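Asks: My questions will all concern the structure given below.
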Amino acid sequence: MEPHRIAELEGKSITGLGDSGENRSARRRLSDNWNNGKLHEGHVRAGRPLVLLKVLSCALNVVLLAGLLRPAQAQVVTATLQGRVYDASGAAISEATMTAVNPATGLTRSTTASVTGDYQFTLLPSGDYTITAEKSGFQKAAKKIHLDIGTAGNLDFTLPVGQVTEQVTVQDVGEVAEPMRTMVSSVIDEQKIQNLPVNGRQFIDFALLAPGVTIGDTTSGSTDVIIEPVTKLSFAGQNIHYNFVAIDGADNMSTASGIQKTTPSQEAVEEFRVINSSYSTEFGRAVGGIVNIITKSGTNELHGALYEYFRNDAMDATSPLAAKGFDKLRQNQFGTTLGGPIVRDRTFFFGNYEGQRHTESPFYNSTVLTNIDAINQVKANVFGLPTENLSVTRGIDYDNFLLKLNHSFNEKQSIFVRYFFNDQRSTNLSPLNDGFDLPSGFKNNSFRDQSLVGNLVSVFSSSLVNEARVQYAHRFFDFPTVSTQPHLEVSNVFTMGVNRGNPDFYGESRFELVDSVTKTLGKHTLSFGGDFNRVSTTESFPLFYPFEADFGNLSAFLGTDFVSQVLGRTAPHPFVIFFERFDAASGFNEPSFDTSVYQGTSISSAVRNQAKGTLDHTYEGLYLQDRWRATDRLTLNYGLRWEGETWPSAAINNPLKNFDPRLGFSYAPGGHGNFVVRGGAGLFHGQIPSPLLMCQIPSCGGLSKYPGRENIQDDLNAKTRLSAFGSDPFTMAGALSALLPSASTTAIYPSPALDAVIVRFVKNHKPPYGAQASLGIEMQPFKDATLDITGLHVRGIHLGSFYNVNQPDPNPVFFDAAHMVHDSKGDVGSKNYYCPFFPGSDCLPGTGFGVIPGIRTPPFGVDFEADSKWDSQWDGLLITFNKRMSHHVGWGFSYTWSKGIDNGPNPSFVLIPQDSCCFNRERALSADHAAQRFVGNATLEGPTHLNAILNGWKLATIVSLESPHYFTKFAGFDANGDIFGNNDRVGIESRNTFKGDSYQSVDMRVSRTFHFTEKINLEALAEAFNMFNTLNIRFFNTAYGAADFCNLASDPAAQGCGPGSFREGSPNPSYGTPRAIFNPRQIQLALRLTW
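All residue numbers for the sequence shown refer to this note's numbering, where the first residue is 1 and numbers rise by one.
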């Protein structure tokens, strides 16, 4: 029987089928006839539910009953379908019987249209459905449709006058129009996931097909977020910490890093929706974007796959940032999937296993590759440390599996249970992930993710539906060092030794409850509910162990700058040194700087345990939502959401007034879905990025646990442990003397008055939120195609970062010619330089101007304050075209034209404002700004029945084009004398004035499928990533090496650009060279056996 026909149902309408054995059989015959025209042999009658599913159902029913007593959140992973039933004259038919049947699983939902002819189905799993409408005195009608995740579809029926027949022609509608949808979003369906080439096979990368989405900026000087083996995305120009990713509706974020955790294999994902802006209050905890993912489920047919993906550097282009003669890549990704029925039409299973064995050579900053011999000479001859071996290999292996069970108890209740396990082992991993560190700073990484999710949908009546969800997830993330060498850093260029930007390990446990209720009242669809999460994080963060020395530029590290010329010998000299104090039990405290400490391979357990702390916190959400179909053409979506976070009171005064009103609308001028105008506005609270709480609770470092600060005038008593991060030269001189040979010495130490670095969190920290507004149109130019044009505005408010509250006062005296500086165009301007704090010295070296007494009280060096003073603004035009696969062709594109501006909301205490008194001077193009971005994709299928040579071929491609990103030009040392040199800029330049290169890449896949039987197929494929081997530079060396653009001055000496003056130094020869690049051309081969 052809699939567009529904077989005889023994004279019964689908709606009239109850739950008797006879009627269950009728429903099964419907499903069987859809698939193959006959009943399967060995068919098992629906029987007693599995014990596990029964127990979970009871537990979820308890959650359902408690849902309104505990805050919860519903992340939409299902679809909604509504419409109206008309007669031939256009008049509404009241109380028609409507039925939705998923032929793959036998899922059946029934409802009765209202007196005005309106009907609605809610909480339908995504998939293919046959929707049937019937009414006595009219002919029955049926339409076959596809519902994506999050679809708010409309499907109208016109019933001719006549008798209900037992055989009905099914109209294949395909994609339904969405005149009710108000959110700005894109669906990445299974066709794209299965057919398009994606480097690394991380399906989350498909989110880059959507407009307004870019790869996020992760640069934070020598700190970074806790490394996660996932693509870090920026939505609408917002920082990577302000997104939300859910799998099957369950939270998949790491609280410790603020980034999404690992996700299931690409083979286990059915589809997902990328949401740029949603005006439904069901969505929360995201200032930026939301990604909703659903995993595959079993069906009535047994399906499976066996696959192997293979890579070898012999097929690839050479990376220009690989060590000389050492560019290696070996990768095998392999796995299997299997899904099918346990009890037909009732119980299904789906499983997936995937493993990877991967070895590669790291890449390095071009400055390191050019100067590695000189760097090693200083390490060995001056510091007595082991040299750097650039020919180490990196391993990234993992094994993961997913198991999912679905069960329908009856038409009223269905449940799924999903378990995901991932175990990953990596060696010689770069903790900064951007070519910033050398092998002595690498780390080994082993982590394990586990999550168990249960979801129960209960249909109490045709107008009342409830969904309850529970999750328990656990992560263990071990990140030990490969050496205990001190952290030696050339600011904004490279680091060596123990990196202070990442914890040594963390463990995280999450318990999540979710409940949502949907009630239909005429033209209104009411939703209410929310979620409750309890998260416990244990973390060890030794930070400045064993100590850190920061050098202003490469010459300062090599000892080849003007200081060495003056001294007449090689004299490496850091501009600041930090070390950390632990108690005697750790074996590492102030008096005992033993050189054997630097010879180890990992930090001792005693030190790790002393730097360990635990943070327990909760976050909650409640919402109330109404979708009102005001007229046939106008739908309004409005509601209110409340977000809450509960942190320990010692860390933060928990705010409770986080209310988010939202309003969205969609208007179909013609009364149909072929042309829709949609828009809306609302507030969207996010979570406080956890990296801001580092050194707070849990603490980083040794003896210190700083309490939250009510205001800057808080007393700094003994409990604050001012000496936790000591930097005084007396102690450090001894430490360096133990490290340096007797014939060498360092030329400069920090002042004795520099007692400590303090990192604290403002207790009155405001939670971040976004204000969003959009207006757009969507049209269907032809069948299976949509064109969407939307303008989107996103304003980020109360975003978090650090600044120095103990910054020296600016010096207002020097505005003469000798102290004028230049921007990159040579224009002369003025710039505030700060007076060093130590007594008896010149405010500016060589100027003879003394320091104002009492400028710094109390006399510690840098006091980093985590606050919520930052903001951002992004405005963009989003254009999306998609044509579903039909007639052997599917294609689409997304285009974004935008501008993003902010004042530096990066949760790092490295890239702090240059002038903490004047945040407005930080306002510039965002690090995530890309003026234009275009991504096109296409899939072309060859014939299937032409001849043996041409049958089964398929070609797929992704073309990505992006405007340049912008970067900050750094002086490379403490140019303004505020004790902190990582953030000092050149001349009077603002942030992000260095224009990078554009991005261009073409990925291609060619495959052919060989059919052994009707169901057994073998697909052979070859993929090329960056097929034309375009050099795409991700990060640049932007450390200039001088405080002013000396080469622009007509008389450099008169402008103070000579050796020994305040602006000592000279332009860095590596300025503007690549620090990190995207992949060169890489080839992948694969075989996939499916059945």
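Cβ coordinates follow ideal geometry from the N, Cα and C atoms, glycine included.
Just so we're clear, the structure is a prediction, and the values are computed from it rather than from any experiment.
CB-CB under 8 Å to Pro943, same chain, minus the five flanking residues each way: which ones, in chain order?
Replies: Counting from 1 along the sequence shown, the entry for residue 943 is found at position 943. Cβ within range, chain order: His888, Leu950 and Asn951.
Asks: On the three-pair Cβ rule with 8 Å, is the segment 485-505 touching the segment 545-552?
Replies: Between the segment 485-505 and the segment 545-552 there are three or more C-beta pairs closer than 8 Å, enough to call the two in contact.
Asks: Among Asp827, Asn882 and Ile797, which one has its Cα closest to the Cα of Lys783?
Replies: Taking the sequence shown and counting its residues from 1, the one referred to as residue 783 is at position 783. Looking from the CA of Lys783, the closest CA among Asp827, Asn882 and Ile797 belongs to Asn882.
Asks: Pick from Asp915, Arg884 and Pro781: whose alpha carbon is nearest that of Val805?
Replies: Taking the sequence shown and counting its residues from 1, one reaches residue 805 at position 805. Per the Cα distances, Asp915.
Asks: When DSSP labels each residue in this structure, what does Met315 get in the three-state scheme?
Replies: Residue numbering aside, residue 315 sits at position 315 when the sequence shown is read from its first letter. Helix at Met315.
Asks: Could you spell out the range, first to last residue, of the alpha helix (DSSP H) harbouring Asp373?
Replies: The sequence position of residue 373 within the sequence shown is 373, counting from 1. Per DSSP, Asp373 belongs to the alpha helix (DSSP H) from Ser366 to Asn381.
Asks: Spatial neighbours of Gly791 within its chain, please: C-beta separation below 7 Å, excluding the five flanking residues on both sides.
Replies: Locating residue 791 in the sequence shown gives position 791, where the first residue counts as 1. Within the same chain, Gly791 has close Cβ partners Ser774, Leu775, Gly776 and Leu877.
Asks: Residue range of the alpha helix (DSSP H) that Phe557 falls in?
Replies: Residue numbering aside, residue 557 sits at position 557 when the sequence shown is read from its first letter. Element bounds for Phe557: Leu554 to Leu558.
Asks: Could you give the distance in angstroms between the alpha-carbon of Phe416 and the alpha-carbon of Gly150?
Replies: For the purposes of this step, residue 416 is taken as residue 416 along the sequence shown, with counting starting at 1. For the purposes of this step, residue 150 is taken as residue 150 along the sequence shown, with counting starting at 1. Their Cα atoms are separated by approximately 18 Å.
Asks: Which same chain residues end up closer than 8 Å to Ser426 when comparing Cβ atoms and leaving out the 5 residues on each side of it in sequence?
Replies: Residue mapping note: residue 426 aligns to position 426 of the sequence shown, counting from 1. Within the same chain, Ser426 has close Cβ partners Pro229, Arg394, Gly395, Ile396, Asp397, Asn444, Asn445 and Ser446.
Asks: Given this structure, state the Cα-to-Cα distance separating Ala268 from Phe401, to the nearest angstrom.
Replies: Here the question's residue 268 lines up with position 268 in the sequence shown. Here the question's residue 401 lines up with position 401 in the sequence shown. The alpha-carbon atoms of Ala268 and Phe401 are separated by roughly 9 Å.
Asks: Within 8 Å of any Cβ in chain D, is that where the Cβ of His617 sits?
Replies: Here chain D cannot be found, since the structure has a single protein chain.
Asks: Assuming Glu190 is part of the alpha helix (DSSP H), what are its boundary residues?
Replies: For the purposes of this step, residue 190 is identified with residue 190 of the sequence shown, where counting begins at 1. First-last of the alpha helix (DSSP H) with Glu190: Glu190 to Asn195.
Asks: CB-CB under 8 Å to Ser414, same chain, minus the five flanking residues each way: which ones, in chain order?
Replies: Walking along the sequence shown from the start, residue 414 turns up at place 414. These residues qualify, in order along the chain: Leu107, Asn406, His407, Ser408, Leu456 and Val457.
Asks: Report the rounded CA-to-CA distance for Tyr880 versus Gly325, giving the unit in angstroms.
Replies: Numbered from 1 along the sequence shown, position 880 holds the residue referred to as residue 880. Numbered from 1 along the sequence shown, position 325 holds the residue referred to as residue 325. The residue you asked about is not Tyr; residue 880 is Thr in the sequence shown. When rounded, the distance between both Cα atoms is 44 Å.
Asks: In terms of DSSP beta bridges, what is Glu489 paired with?
Replies: Within the sequence shown, numbered from 1, the residue matching residue 489 stands at position 489. BP columns for Glu489 point to Thr495 and Asp550.
Asks: Rounded to the nearest angstrom, what separates Leu338 and Phe1010 at their Cα positions?
Replies: Position 338 of the sequence shown holds residue 338. Position 1010 of the sequence shown holds residue 1010. Taking the straight line joining both Cα atoms gives about 20 Å.
Asks: Please report the straight-line C-alpha distance between Glu645 and Arg285, rounded to a whole angstrom.
Replies: Taking the first residue of the sequence shown as position 1, residue 645 is located at position 645. Taking the first residue of the sequence shown as position 1, residue 285 is located at position 285. Near 10 Å, if we compare the C-alpha coordinates of Arg285 and Glu645.
Asks: Rounding to the nearest angstrom, what Cα-Cα distance links Ser463 and Gly117 in this structure?
Replies: For this step, residue 463 is matched to residue 463 along the sequence shown. For this step, residue 117 is matched to residue 117 along the sequence shown. Between Ser463 and Gly117, the C-alpha separation is close to 14 Å.
Asks: Where Val368 and Val935 are concerned, what is the direct C-alpha to C-alpha distance, given to the nearest angstrom?
Replies: By 1-based counting over the sequence shown, the position of residue 368 is 368. By 1-based counting over the sequence shown, the position of residue 935 is 935. For Val368 and Val935, the distance between alpha carbons rounds to 34 Å.
Asks: Mind checking Ala142: buried by the 16 CB within 10 Å criterion, or exposed?
Replies: What you label residue 142 is simply residue 142 of the sequence shown in a count that begins at 1. Ala142 comes out buried.
Asks: Taking 8 Å as the cut-off, does the segment 793-803 touch the segment 889-907 (at least 3 CB pairs, one atom from each stretch)?
Replies: yes
Asks: Measuring straight from C-alpha to C-alpha, what distance separates Ala88 and Phe157?
Replies: Here residue 88 refers to the residue found at position 88 when the sequence shown is read from its first residue. Here residue 157 refers to the residue found at position 157 when the sequence shown is read from its first residue. In a straight line, the C-alpha of Ala88 is about 10 Å away from that of Phe157.
Asks: Are there 16 or more other CB atoms within 10 angstroms of the CB of Lys1015, so buried, or fewer, so exposed?
Replies: Translated into the one-based positions of the sequence shown, residue 1015 becomes position 1015. When all chains shown are included, Lys1015 counts as exposed.
Asks: Is it right to say Ala630 is buried, meaning 16 or more other beta carbons lie within 10 angstroms of its own, or is it exposed?
Replies: Here residue 630 is taken as the residue at index 630 of the sequence shown, counted from 1. With fewer than 16 Cβ atoms within 10 Å of its Cβ, Ala630 is classed as exposed.
Asks: What number of angstroms, rounded off, separates the C-alpha of Asn199 from the C-alpha of Met315?
Replies: Sequence index remark: in the sequence shown, residue 199 carries index 199 (1-based). Sequence index remark: in the sequence shown, residue 315 carries index 315 (1-based). One C-alpha to the other measures close to 15 Å.
Asks: What is the C-beta distance between Glu411 and Val459, in whole angstroms, given that I count them as a contact (C-beta under 8 Å)?
Replies: Reading the sequence shown from its first residue, position 411 is the one you call residue 411. Reading the sequence shown from its first residue, position 459 is the one you call residue 459. That belief holds up - the Cβ atoms of Glu411 and Val459 are roughly 7 Å apart, short of 8 Å.
Asks: Are Phe421 and Gln450 touching if we call contact CB-CB under 8 Å?
Replies: Here residue 421 refers to the residue found at position 421 when the sequence shown is read from its first residue. Here residue 450 refers to the residue found at position 450 when the sequence shown is read from its first residue. Cβ distance < 8 Å, so Phe421 and Gln450 count as in contact.
Asks: Could you tell me which whole alpha helix (DSSP H) segments of length 4 or greater appear in the segment 886-927?
Replies: Runs of the alpha helix (DSSP H) inside the segment 886-927: none found.
Asks: On the criterion of 16 or more Cβ atoms from any shown chain inside 10 Å, does His146 qualify as buried, or is it exposed?
Replies: Walking along the sequence shown from the start, residue 146 turns up at place 146. By the neighbour-count rule (16 or more Cβ atoms within 10 Å), His146 is buried.
Asks: Going residue by residue through the segment 633-688, where are the continuous alpha helix (DSSP H) segments of at least 4 residues, counting only ones entirely within it?
Replies: none
Asks: State whether the segment 465-483 contacts the segment 515-523, with contact taken as three or more CB pairs (one from each stretch) at a distance under 8 Å.
Replies: Yes: the two stretches touch, three or more of their Cβ pairs being nearer than 8 Å.
Asks: Quick check on DSSP: helix, strand or coil for Val607?
Replies: Here residue 607 corresponds to residue number 607 of the sequence shown, with the count starting at 1. Val607: helix per DSSP, three-state reduction.
Asks: Measure the Cβ-Cβ separation of Glu270 and Glu354 and say whether it is below 8 Å.
Replies: Here residue 270 refers to the residue found at position 270 of the sequence shown. Here residue 354 refers to the residue found at position 354 of the sequence shown. With a cutoff of 8 Å on beta-carbon distance, Glu270 and Glu354 are scored as not near each other.
Asks: Just curious, the beta strand (DSSP E) that Ile1033 is in, first and last residue?
Replies: As a working note, residue 1033 is residue 1033 in the sequence shown. That run of the beta strand (DSSP E) goes Ile1033 to Phe1036.
Asks: Taking Cβ to Cβ, would you say Asn637 is nearer than 8 Å to Gly664?
Replies: Against the sequence shown, residue 637 aligns to sequence position 637. Against the sequence shown, residue 664 aligns to sequence position 664. Going by C-beta atoms, Asn637 is nearer than 8 Å to Gly664.
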